[in-house]
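Asker: Below: one structure in structure tokens.
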Amino acid sequence: MDHTSDDIKSFCSSRLGEGLNEEQMRLLASISRCRTLHDDEILFEEGKVDHTLHIVASGKLLITRQVAGGDPLILHVIQEGDLAGEMSFVGGRPHSATVRAIGRPTVCTFERSDFESLIEKDPWLVYKVMQNIVKVVHDILRKMNTQYVEMSNYISQQHGRY
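Be aware that the sequence shown starts at 2, since it is given in our numbering, and climbs by one per residue.
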């Protein structure tokens, strides 16, 4: 698939592309599929397994989780340059949330098997991308831990903050 310079720019501006050179970006682009979603279209569903990683090239995606007996709980809105599906891509586990389009975002998708085919062509590229995914997941975990501490402090009204 031929990719436009805009597609390659979306890789460059995403966390996935940090530290990659132009040749590596083109190689990564060669295994991706970019498409524009319809408003409210589901990119992937909570509990389902796939082996794809998505970069938000433009627009926004809504992350929700189903709550027993209620409407879905909004967890987060991801923006241009953010990743979605990284844990399922790496670990092959079911998605922990549902991700759907807000408006008409464009996403670029990578299949794990296509990504793994790059190991022999450019192992350093694969290493850097995996390192970038780990950094993204680490940042998410750090934010969640901070929110947990703030919530715990609020509930227990400790530390004189509330």
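Just so you know, even glycine gets a beta-carbon here, dropped at the ideal spot from N, CA and C.
Keeping to the same chain, check which residues put their C-beta closer than 6 Å to that of Met2; ignore five residues upstream and five downstream.
Answerer: For the purposes of this step, residue 2 is taken as the residue at position 1 of the sequence shown. For Met2, the pLDDT reaches just 44, beneath the cut-off of 50, and the residue's location in the model is therefore unreliable, leaving the point undetermined.
Asker: Which of helix, strand or coil does DSSP assign to Val68?
Answerer: On the sequence shown, position 67 is the one that residue 68 refers to. Val68 falls in the coil class under three-state DSSP.
Asker: Closest to Gln132 by C-alpha separation, out of Arg101, Thr147, Glu23, Glu87, would be which residue?
Answerer: Within the sequence shown, the letter at position 131 stands for residue 132. Minimum Cα distance to Gln132 is reached at Glu87.
Asker: For Gln67, which of Gly48, Gly82, His55, Ala85 has the nearest alpha-carbon?
Answerer: The residue given as residue 67 occupies position 66 in the sequence shown. Ranking the options by Cα distance to Gln67, first place goes to Gly48.
Asker: Tell me the rounded alpha-carbon separation between Tyr163 and Met152.
Answerer: Counting from one through the sequence shown, the residue named residue 163 turns up at place 162. Counting from one through the sequence shown, the residue named residue 152 turns up at place 151. Since pLDDT at Tyr163 reaches only 49, below the 50 mark, its modelled position is unreliable, and the value read off the structure follows with that caveat. Using only the alpha carbons, I get a separation of about 11 Å.
Asker: Can you check DSSP and say which residues form a bridge with His55?
Answerer: As a position in the sequence shown, residue 55 is number 54, starting the count at 1. According to DSSP, His55 bridges with Ala85, Thr110.
Asker: Do you know offhand how far Arg143's Cα is from Gly93's?
Answerer: Reading the sequence shown from its first residue, position 142 is the one you call residue 143. Reading the sequence shown from its first residue, position 92 is the one you call residue 93. Using only the alpha carbons, I get a separation of about 22 Å.
Asker: Go ahead and label Ser15 buried or exposed: buried means 16 or more other beta carbons lie within 10 angstroms of its beta carbon, across all protein chains shown.
Answerer: Taking the first residue of the sequence shown as position 1, residue 15 is located at position 14. By the neighbour-count rule (16 or more Cβ atoms within 10 Å), Ser15 is buried.
Asker: Under a Cβ-count criterion, where at least 16 other Cβ atoms within 10 Å of its own Cβ denotes burial, should Pro106 be classed as buried or exposed?
Answerer: Here residue 106 refers to the residue found at position 105 of the sequence shown. Per the 10 Å Cβ criterion, buried.
Asker: With Leu43 as the anchor, note down where its alpha helix (DSSP H) starts and where it stops.
Answerer: For the purposes of this step, residue 43 is taken as residue 42 along the sequence shown, with counting starting at 1. With the sequence shown as reference, residue 43 is identified as Ile, and Leu is not the correct amino acid for it. That residue, Ile43, is in no alpha helix (DSSP H); its beta strand (DSSP E) goes 43-45.
Asker: Quick check on Met145: buried or exposed, where buried means 16 or more other Cβ atoms within 10 Å of its Cβ?
Answerer: Taking the first residue of the sequence shown as position 1, residue 145 is located at position 144. Met145 comes out exposed.
Asker: Would Val100 and Leu74 be called neighbours here (beta carbons separated by less than 9 Å)?
Answerer: Counting from 1 along the sequence shown, the entry for residue 100 is found at position 99. Counting from 1 along the sequence shown, the entry for residue 74 is found at position 73. Cβ distance not < 9 Å, so Val100 and Leu74 don't count as in contact.
Asker: Val50 lies in the beta strand (DSSP E); which residues open and close that run?
Answerer: To locate residue 50, count along the sequence shown from 1; it is residue 49. Premise fails: Val50 is in no beta strand (DSSP E) and is neither H nor E.
Asker: Kindly confirm or deny that the segment 54-61 and the segment 76-90 touch, where touching means at least three C-beta pairs closer than 8 Å.
Answerer: With a cut-off of 8 Å, the segment 76-90 and the segment 54-61 count as touching, because enough Cβ pairs lie within range.
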